[in-house]
Amino acid sequence: MEQRSDKEYSWAIMKKILYLASKNNGKILEYKKMLSNVNCQFRLQPKSIEVQEDGLSFQENAFKKARQVSKKTTNYAIADDSGLCINSLDGAPGIYSSRFAENDQKRIKKVLNELEGVHNREAFFMASICLFSPKGELIISSEGRCDGNILFQPRGNNGFGYDPIFEEKTTKLTFAEMTNDYKEIYSHRARALKKIIPCLMRIFN
Ligand code: ITT
51 MEQRSDKEYS
61 WAIMKKILYL
71 ASKNNGKILE
81 YKKMLSNVNC
91 QFRLQPKSIE
101 VQEDGLSFQE
111 NAFKKARQVS
121 KKTTNYAIAD
131 DSGLCINSLD
141 GAPGIYSSRF
151 AENDQKRIKK
161 VLNELEGVHN
171 REAFFMASIC
181 LFSPKGELII
191 SSEGRCDGNI
201 LFQPRGNNGF
211 GYDPIFEEKT
221 TKLTFAEMTN
231 DYKEIYSHRA
241 RALKKIIPCL
251 MRIFN
């Protein structure tokens with residue numbers, strides 16, 4: 051049998067780098083799990099890169115994050131901008147979901163306070179995802195949505211962010227009650243990501 055030289059072997063195992071342009075640990079865990087079949091080396095967004103999320107849409111902010119990280123690292127970068135849109139609050143907190151209050155607990159409390167006495171609890175999560183090239187150019191983008199209702203009290207211990215107060219419409223489970231495998235089927239982020247996985251496979255596998 052033909053033997054591979056050390057050099058050939060190291061080329062064979064060398065994987066391209068994919069930066070996860072996010073500082074949110076909850077998102078990062080979901081990405082790593084959902085992209086486990088993509089043959090890349092994950093890298094986290096360098097602490098020194100601060101992206102100003104001053105866009106007026108999920109898409110604009112997602113582009114800004116991925117573009118900046120790909121340009122500064124000269125590698126592929128994937129980012130999402132996502133948020134919870136509540137119908138009776140005219141779509142708030144929407145693109146301001148992470149800035150709605152200081153931390154997850156306070157954000158949840160604020161939503162429940164603002165919805166006190168409100169009968170219509172319809173809401174949806176949106177995610178806009180994009181992949182940028184090492185040259186800082188857009189390769190692909192997609193969107194995903196998940197519909198549900200805001201509960202009167204948090205339920206469940208998994209996940210992050212607004213997960214404990216968001217009950218997914220078809221399963222009647224909150225995202226915080228779902229296992230990772232379930233959230234991977236229903237979530238806005240998973241739905242957006244599934245659309246671009248074939249492209250990621252072509253680049254990295
Ligand atoms: P990065 O920008 O660094 O990725 P971030 O938390 O600031 O992290 P966003 O600007 O996209 O991310 O804000 C999204 C916020 O919306 C996030 O902080 C949560 O509060 C909420 N959110 C998004 N997806 C969620 C999910 O799957 N479950 C619960 N809350 C979610």
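Quick note on the numbering used here: the sequence shown kicks off at 51 and runs consecutively.
Heads up, the beta-carbon is just placed ideally off N, CA and C, and yes, glycines get one too.
As the structure is a prediction and not an experimental result, all values here were calculated from the model.
Quick one: what's residue i bridged to in DSSP?
i    : result
C196 : F175
R93  : Y69
Y126 : L68
D131 : S178
Take the Cβ of residue i as the centre, count every other Cβ of all protein chains shown within 10 Å, and call the residue buried at 16 or more, exposed below.
i    : result
V161 : buried
Y212 : buried
Y69  : buried
N163 : exposed
C249 : exposed
K97  : exposed
E80  : buried
H169 : exposed
E166 : exposed
K185 : exposed
F202 : exposed
To the nearest whole angstrom, what separates the beta carbons of residue i and residue j, a pair I think is in contact under 8 angstroms?
i    : j    : result
F216 : G194 : Rounded, the Cβ-Cβ distance is 14 angstroms, inconsistent with contact.
D131 : S183 : With 8 angstroms as the limit, D131 and S183 do not qualify as a contact, their Cβ atoms being about 19 angstroms apart.
K66  : F254 : 5 angstroms
A71  : I145 : That pair is no contact at about 16 angstroms.
T221 : Y236 : 7 angstroms
E234 : K83  : 7 angstroms
S147 : L134 : 5 angstroms
How about residue i: is its Cβ closer than 7 angstroms to a heavy atom in the ligand MG?
i    : result
T221 : The model depicted lacks the ligand MG and carries the ligand ITT instead.
If we define contact as Cβ-Cβ less than 8 angstroms, is residue i a contact residue for chain D?
i    : result
Y236 : Considering every chain present, this structure includes no chain D. It has just one protein chain.
Checklist entry - Which residues, in chain order, sit with a beta-carbon under 5 angstroms away from any heavy atom of the ligand ITT? => result That query returns the following residues: S72, K73, N74, D131, S132, G133, S147, S148, G211, Y212, D213.
Checklist entry - Whole alpha helix (DSSP H) runs in the region 200-246 with 4 or more residues, listed along the chain? => result 230-236
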